[in-house]
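Structure first, commentary second.
Number of protein chains: 2
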Amino acid sequence: MSIAEAGEFGLIARVVARLETGPTTLLGPGDDSAIVAAPDGRIVASTDVLVEGRHFRRDWSSPADIGHRAAAANLADIAAMGAVPTALLVALCAPVDMEAAWAEDLAGGLSAEASLVGASVVGGDMSSSPTLTVAVTALGDLAGQAPVLRSGAQPGDIVALAGRVGHAAAGYTVLSRGFRTPKALVEAYRRPQVPYAAGPAAARAGATAMIDVSDGLLQDLGHIAKASVVGVDVHTERFEIPGQMRDAATALGVDPLQWLLAGGDDHALAATFPAGVPLPEGWRQIGVVHDGTGVTVDKKPWTGPLGWDHFR
Amino acid sequence: MSIAEAGEFGLIARVVARLETGPTTLLGPGDDSAIVAAPDGRIVASTDVLVEGRHFRRDWSSPADIGHRAAAANLADIAAMGAVPTALLVALCAPVDMEAAWAEDLAGGLSAEASLVGASVVGGDMSSSPTLTVAVTALGDLAGQAPVLRSGAQPGDIVALAGRVGHAAAGYTVLSRGFRTPKALVEAYRRPQVPYAAGPAAARAGATAMIDVSDGLLQDLGHIAKASVVGVDVHTERFEIPGQMRDAATALGVDPLQWLLAGGDDHALAATFPAGVPLPEGWRQIGVVHDGTGVTVDKKPWTGPLGWDHFR
């Protein structure tokens, strides 16, 4: 059954049936708006949109994969403020001949990823469109913590990373060359493993700045450097290149450092901490903040691409 | 300058320059997430997406018009819960050859409409896409009031309306027949005049159910009837058909009741109130709730189209 045959309200009913409700949902889908608990008295909110052909391909990822990734991209932005995600709202634009089951499986993936952090899909909208598009808004709660902005890094701080970098970019390269293995890299591209808990943990530990690494580590650290008016130096000896990634890089003729330093889509978190602060679980040092500008790699300028511009 | 020439970050800077910041914005655009005041401890949230060719046409509406309408569609959903809008988040998908000025003017329209209710555009995302798409999420605060759901209407309640119906539908018909006048109708389509304050006023006055009339009055009253397990009868003698609308209907060979009862896009609010409750300012009675099912017009079934299905 196509979504045109299901009709707008029929499709909404099918999709809503695939959603789980979490403890922060005071009113879920079905009314003009949803209502979500905001016990902190402040709400953290972020929007990320995924467009077919630009952010995903239906022949590379299942609808559930795309749901997981669309949710992860947004939930990571909430974690990067030091907050706990509470809710997602989803606008789905889809061609009228799309199978209704595709939208249902997308909803299942969105809901499952949100459930990992106790959040739920609380509302959304659907429209027909020639271009398959998934726009997600995530909400979150700061639980009394001060938010960790991009602008608080200080010279002398250390730069730390939680989660993986380069895996999704390697998987993307593998897929774009027509391969389906190594499976671990391809799966990393399809479903990022986001260190959600590391965000609030960093806030509690006194992180001075934090960002979701979505566009590439160097580009995103550049945002911290610019906002904080500091320089950042990344130490490549801190990165381990997994055997499978090294093998794939050799086979595909790619410098694996390019994946690690400029690849996006793993949704790692990067943060700065005052020197001497014990790093919370899951965080490891990868560089230092200094009294300068921009981002260097082993004290030298990086000559490769920095990351991703969604209009170029 | 096209958006591709401006680049993602250049375009974001241009767009953000067009936004006003309101009192509820604790952290505006520029970090991983925005932070919005949620003094009630609950947040009201809704998402509506507009797709070119489906919800708007660039030759019929200016980018500022489209911004106003995209904001209005979302802000009205917040008001329909009895809440006061506080923030918008906007995902813009646009062809790479689009003029950057178009996106800036869209942002200006979004921001100006939000300013009408003291809300602001606090964040967003942009991507290239073959299909121009504007997905908006609105947030709002209940200020201690219980939300007004669709499910609370009781037999014996009266049905009331705040704001205009049929004007936008008439304007749409005028434009779709290739005309540009009457200007008042065309302008109503381009920029709805939403009775935002009527939503919280209805909540304070004891409204038992409420909905944003976005798909057509009869279809949206049908949602209240279904959710409340009641019947609704609409009294056509309660509607005045403005002279311009009557003239346009005659000229175009349309039954003006069709515009009033089944036209969307004015974003009026419809609500039910216990009989005898004085209606707040801006509300007028248009029917009654009875112990039955479905929606009738002057006690008879309506044989015309009910409203809008975004997939048909």
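Chains as they are written, first to last, in our numbering: chain A, 7 to 318; chain B, 7 to 318.
For every residue, glycine included, the Cβ atom is placed at its ideal position computed from N, Cα and C.
A quick note: this is a predicted structure, and the numbers were derived from the prediction, not measured.
Where the alpha helix (DSSP H) through residue i begins and ends
i: residue 95 of chain A; result: No alpha helix (DSSP H) contains residue 95 of chain A, which is instead part of the beta strand (DSSP E) from 90-100.
i: residue 61 of chain A; result: Premise fails: residue 61 of chain A is in no alpha helix (DSSP H) and is neither H nor E.
i: residue 265 of chain A; result: 262-268
i: residue 75 of chain A; result: 69-85
i: residue 324 of chain A; result: Since the displayed chain A opens at 7 and closes at 318, residue 324 of chain A lies outside it and no answer follows.
Burial state of residue i (16 or more Cβ within 10 Å)
i: residue 304 of chain A; result: exposed
i: residue 262 of chain A; result: buried
i: residue 287 of chain B; result: exposed
i: residue 187 of chain B; result: exposed
i: residue 159 of chain A; result: buried
i: residue 243 of chain B; result: exposed
i: residue 7 of chain B; result: exposed
i: residue 137 of chain A; result: buried
i: residue 125 of chain B; result: buried
i: residue 58 of chain A; result: buried
i: residue 281 of chain A; result: exposed
i: residue 297 of chain A; result: exposed
i: residue 29 of chain A; result: exposed
i: residue 14 of chain A; result: buried
i: residue 309 of chain A; result: exposed
i: residue 198 of chain A; result: buried
i: residue 19 of chain A; result: exposed
i: residue 246 of chain A; result: exposed
i: residue 184 of chain A; result: exposed
i: residue 252 of chain A; result: exposed
i: residue 73 of chain A; result: buried
Nonlocal neighbours in the same chain, by C-beta distance under 6 Å from residue i, ignoring five residues either side
i: residue 285 of chain B; result: 166
i: residue 209 of chain A; result: 88, 151, 154
i: residue 318 of chain A; result: Residue placement at residue 318 of chain A is poorly supported in this model, since its pLDDT is 44, which falls under 50; the coordinates are not used for a value here.
i: residue 35 of chain A; result: 22, 129
i: residue 320 of chain B; result: Because residue 320 of chain B is not part of the residues shown, which for chain B are 7 to 318, the question remains open.
i: residue 289 of chain B; result: 166, 168
i: residue 172 of chain A; result: 265, 266, 269
i: residue 223 of chain A; result: 171, 267
i: residue 141 of chain A; result: 55, 97
i: residue 157 of chain A; result: 233, 234
Close Cβ partners of residue i (< 7 Å) along its chain, the five nearest in sequence each way excluded
i: residue 368 of chain B; result: Past the edges of chain B, shown from 7 to 318, lies residue 368 of chain B, and the structure says nothing about it.
i: residue 90 of chain A; result: 123, 146, 147, 149, 206
i: residue 195 of chain A; result: 174, 177, 178, 181, 271
i: residue 241 of chain B; result: 292, 293, 304
i: residue 283 of chain A; result: 211, 212
i: residue 42 of chain B; result: 30, 31, 32, 92, 93, 128, 145
i: residue 190 of chain B; result: 250
i: residue 46 of chain A; result: 147, 148, 149, 150
Span of the beta strand (DSSP E), counted from its first residue to its last, around residue i
i: residue 289 of chain A; result: 289-296
i: residue 167 of chain B; result: 164-168
i: residue 301 of chain B; result: 300-303
i: residue 275 of chain A; result: 274-279
i: residue 42 of chain B; result: 40-43
i: residue 32 of chain A; result: 31-33
Other residues of its chain near residue i: CB distance less than 8 Å, five sequence neighbours each side excluded
i: residue 228 of chain A; result: 238, 300, 301, 312
i: residue 201 of chain A; result: 85, 168, 169, 274, 275, 288
i: residue 134 of chain B; result: 9, 10, 99, 100, 101, 102
Jot down the residue ranges of each uninterrupted alpha helix (DSSP H) in the segment 178-256 of chain A, minimum 4 residues, whole runs only, in chain order. 189-196, 204-211, 223-234
Okay, do the segment 99-106 of chain B and the segment 225-233 of chain B touch, 3+ Cβ pairs below 8 Å being the bar? no
Ranges of the beta strand (DSSP E) found wholly within the segment 101-160 of chain A, counting only runs of at least 3: Here the runs fully enclosed are 126-134, 139-147.
On the three-pair Cβ rule with 8 Å, is the segment 43-54 of chain B touching the segment 58-67 of chain A? no
Within the chosen definition, does the segment 165-183 of chain A reach the segment 263-281 of chain A through at least 3 CB pairs nearer than 8 Å? yes
Determine, using beta-carbon pairs with one atom in the segment 209-225 of chain A and one in the segment 254-261 of chain A, whether at least three such pairs fall under 8 Å. no
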